[in-house]
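> Position one of the sequence shown corresponds to residue 9 (our numbering), numbered consecutively onward.
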Amino acid sequence: MSASPSAVTSSPRSFLAFDFGLRRVGVAAGNSLTRQATPLGSIAAEGDARFAAIGRLIDEWQPDALVVGVPLHPDGAPHDNTRRAQRFARQLHGRFRLPVHEVDERYSTTEAAAAGARDLDAVSAAIILDQYLRTLA
Numbered sequence: 009m010s011a012s013p014s015a016v017t018s019s020p021r022s023f024l025a026f027d028f029g030l031r032r033v034g035v036a037a038g039n040s041l042t043r044q045a046t047p048l049g050s051i052a053a054e055g056d057a058r059f060a061a062i063g064r065l066i067d068e069w070q071p072d073a074l075v076v077g078v079p080l081h082p083d084g085a086p087h088d089n090t091r092r093a094q095r096f097a098r099q100l101h102g103r104f105r106l107p108v109h110e111v112d113e114r115y116s117t118t119e120a121a122a123a124g125a126r127d128l129d130a131v132s133a134a135i136i137l138d139q140y141l142r143t144l145a
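As structure tokens, then:
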């Protein structure tokens, strides 16, 4: 499901990133050329409506791949939301047939809040994507 960052080609690639939550999913866009992410907003819908909204974003932005933040305990241990985010990543891959990269998102919401973000979920998604973009060769 996920390619290693070293497997990334040198041509510019675009990404949509998601900060998964049970009530909302934050979304950000970015690319490998600028290596910067921009918060796009949050999707409040659940189930099929959530995926329909994501489908519209994919149609609009035409990303080469998707990035999903996966939460972990501070010690790196998984918890219930870890499994939910990983399931969401698998669902994205299955529905949209795009590569999906998982990123450790510990503290992304805390970082977004410390920065004074109005939309914590979208800014968290941008932090997650920034983190992924820094790993690209």
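Where is the CB? At the ideal position from N, CA and C, for every residue including glycine.
Since this is a predicted model, take the numbers as computed values, not measurements.
1) Leaving out five residues on either side along the sequence, give the residues of the same chain with a beta carbon under 8 Å from the beta carbon of Ala-60.
2) Could you pull the start and end residues of the alpha helix (DSSP H) that Leu-65 belongs to?
3) Comparing C-alpha positions only, which one of Asn-39, Arg-114, Arg-142, Arg-32 sits nearest to Gln-70?
4) Which two residues bound the contiguous beta strand (DSSP E) that contains Thr-46?
5) Measure the Cβ-Cβ separation of Val-131 and Ala-122 and say whether it is below 8 Å.
6) Between the Cα of Val-35 and those of Gln-44, Gly-55, Ile-62, spot the shortest distance and give me the residue it belongs to.
7) Note down, in chain order, each residue of its chain lying with its Cβ closer than 6 Å to the Cβ of Leu-74, except the 5 sequence neighbours on either side.
8) Let's test the definition: count the other Cβ atoms within 10 Å of the Cβ of Gly-77 and tell me whether it reaches 16, buried, or not, exposed.
9) Alpha carbon to alpha carbon, how far is Ala-37 from Ser-22? Give it in angstroms, no decimals.
10) Flag this pair as yes or no: are the beta carbons of Asp-127 and Ala-45 separated by less than 8 Å?
11) Please look up how many angstroms separate the CB atoms of Ile-1 and Glu-119, rounded, as I've assumed it's under 8 Å.
12) Starting from Ser-22, trace the beta strand (DSSP E) in both directions and tell me its first and last residue.
13) Sort Gln-94, Asp-88, Ala-133 by Cα distance to Gly-49 and report the nearest one.
14) Give me the residue from Arg-142, Ser-19, Glu-113 with the minimum Cα distance to Gln-85.
Let's see:
1) Closer than 8 Å at Cβ, skipping near neighbours: Ala-53.
2) Residues 55–69.
3) Looking at the Cα atoms, Asn-39 is the closest of the given residues.
4) 45–51 is the extent of the beta strand (DSSP E) around Thr-46.
5) Going by C-beta atoms, Val-131 is not nearer than 8 Å to Ala-122.
6) Comparing Cα-Cα distances from Val-35 to each of Gln-44, Gly-55, Ile-62, the minimum goes to Ile-62.
7) Contacts found: Leu-24, Leu-100, Leu-106, Val-108.
8) So Gly-77 counts as buried.
9) The straight-line gap from Cα to Cα measures roughly 7 Å.
10) Annotated as distal: Asp-127 and Ala-45, with beta-carbon spacing of 8 Å or more.
11) A query on residue 1 cannot be resolved here, the shown segment of the chain reaching from 9 to 145 and no further.
12) First-last of the beta strand (DSSP E) with Ser-22: 22–27.
13) Sorting Gln-94, Asp-88, Ala-133 by C-alpha distance to the C-alpha of Gly-49 places Ala-133 at the top.
14) At residue 85 the sequence reads Ala, which differs from the Gln that was named. The residue with the shortest Cα to Cα distance from Ala-85 is Glu-113.
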